[in-house]
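Below is one structure, written out as structure tokens; comments come after it.
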Amino acid sequence: MARIVGGLTTSHIPAIGNAVPKEQELKNDPYWKEFWAAYPPARAWVQKVKPDVAIVVYNDHGLNFFLDKMPTFAVGAAPIYRHADEGWGIPTIPPFKGDQEFSWHIIEALVHDEFDITTCQEMLVDHGFTVPMSLFWPNASYTDVKTIPVQINTVQHPLPSPARCFKLGQAIGRAVESYPKDLKVVMIGTGGLSHQLDGERAGFINKKFDLMCMEKIVNDPESLTRLSMHDLVREAGAQGAEFILWLAMRGALTGKVKKIHSSYHIAISNTATGVMVMENAA
Amino acid sequence: MTATTEQEKPIPGTYIFDGKAAMKGYALNKMCYSFNEAKNREEFLKDEDAYCTKYGLNDEQRKAIKERNVLGLIRAGGCIYYLAKFSGIFHLSVQDVGAQQRGISVEEFKKLLKDEGE
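Residue numbers (the working numbering), protein chains in the order written: chain A, 2 to 283; chain B, 33 to 150.
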């Protein structure tokens, strides 16, 4: 049977996408040094565990979806996922492998579980997806794993609540566990932590709130599901709402969860960045 | 819906991009979404006015585009994720955009971010 071996989180800021190809030369750059230092332990865990499939919970920022049709939850069911020009010159990178059979298993299980998702047999993936994959599988080594994108709307309110996203994650967890193939699956929650790009409050960061979220998400994620979306926007900033993606990831870890690595850094661009590795034992 | 609860009090300096904003800003956001493609960015740069007309922007939106005024664009219904594609044409970073909205210099904005980490 397929099993979820753990969960990873990372921010997905576009500036990181530009920096990834220059990691070696930026390793000791004062701006980037602390940021890069967070990744070797996470990569070591990925290399040790060697997941077969990554389910990536992310938000599209206006590459694949526009306001003409805006799904709350969308699940990829494509053989391949490509990146494309997002308008401001992030280098595009080699495509990502899909796993259509596994995608459809998850889709069927989710709909059976009353999640009325959108299914996508063609889907461009933006920095929300590509940056985390490039960080955890450097030098495009992500081509060794198959991927299933799970896209959650964070663009147009009403956004799904923290509680709803956590439940979606739980349903994904059940779906994975009922898949008969012997596969190791890693969940990735991308985005966050606190940041705000728009309005007079642009640049808002809330270290205390972020650290509380990083602590609670390990062993008491239910307490975070009591936050409303309005709470999240107020405490984490307008785009800090992306924390719902972390909660969906965490919902899928249905076993005994152990923190392997955690680091927090202010700031890349306008964002407080957080990296976590959580192991999920049966 | 009943009256706004304590919890749903407006958050100062924060614009929720909801259905109302999405209706108001549809043409503007659609134009910005088109900037995913290089040929559209070039067409815009060649003749901004004609490009705004093609997408049916209203006067408020055209004025804010002309002035590169991010707050003005948000008040006119712009969503920051699409506006990023507009500001990207002029190589403005999110810190440049943040500083402009706060009404401070980029250096001051960077210091503000740094101080939040202390």
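C-beta: ideal position from N, C-alpha, C; glycine also.
Predicted, not measured: the structure shown is a model, and the values here were computed from it.
By the 16-neighbour rule on beta-carbons within 10 angstroms, L77/B is exposed.
Here P159/A has M230 as same chain residues with Cβ atoms under 8 Å from its own Cβ, once five neighbours each way along the sequence are excluded.
For E109/A and A283/A, the gap between their C-alpha atoms comes out near 24 Å. Assignment of beta-bridge partners to I56/A by DSSP yields I149/A, M188/A.
Chain-order list of chain A residues neighbouring Y114/B: G63, by C-beta distance under 7 Å. Between the stretch 46-57 of chain B and the stretch 107-124 of chain B, the count of C-beta pairs closer than 8 Å reaches three or more; the two stretches touch. The three-state reading of DSSP puts H123/B in coil, since its state is none of H, G, I, E or B. Between the C-alpha atoms of H196/A and D183/A there is a straight-line separation of about 39 Å. The criterion of a C-beta distance shorter than 9 Å is satisfied by S264/A and A38/A. Where I206/A is concerned, there is no enclosing beta strand (DSSP E), because DSSP gives it neither an H nor an E. Per DSSP, T120/A is one residue of the beta strand (DSSP E) stretching across 119-121. The beta-bridge partner set that DSSP reports for V258/A consists of N281/A.
About 14 Å separates the beta carbons of V54/A and N281/A, which is beyond the 8 Å limit, so they are not a contact pair. Taking the Cα positions, N60/A is about 6 Å away from N154/A.
For H123/B, the closest alpha carbon among the candidates K56/B, L89/B, R73/B is that of R73/B. The beta carbon of I245/A sits no closer than 9 Å to any beta carbon of chain B. Listed in chain order, the non-local C-beta contacts of Y114/B below 6 Å within the same chain comprise N61, C64, Y65, local neighbours out to five positions each way being set aside. Put simply, the backbone Cα of Y180/A is about 23 Å away from that of L246/A.
Contact of Q157/A with chain B by beta-carbon distance below 9 Å involves F49, D50, G51, A53, A54, C111. Ranked by Cα distance from I206/A, the options L228/A, P80/A, G241/A are led by G241/A.
Per the coordinates, the alpha-carbon of L64/A lies some 18 Å from the alpha-carbon of S135/A. Taking C-beta separations shorter than 6 Å and ignoring five residues to either side along the sequence, the partners of T73/A in its chain run N154, P161, following chain order. If you compare the alpha carbons of C214/A, W89/A, T255/A, R235/A with that of E178/A, the shortest gap goes to T255/A.
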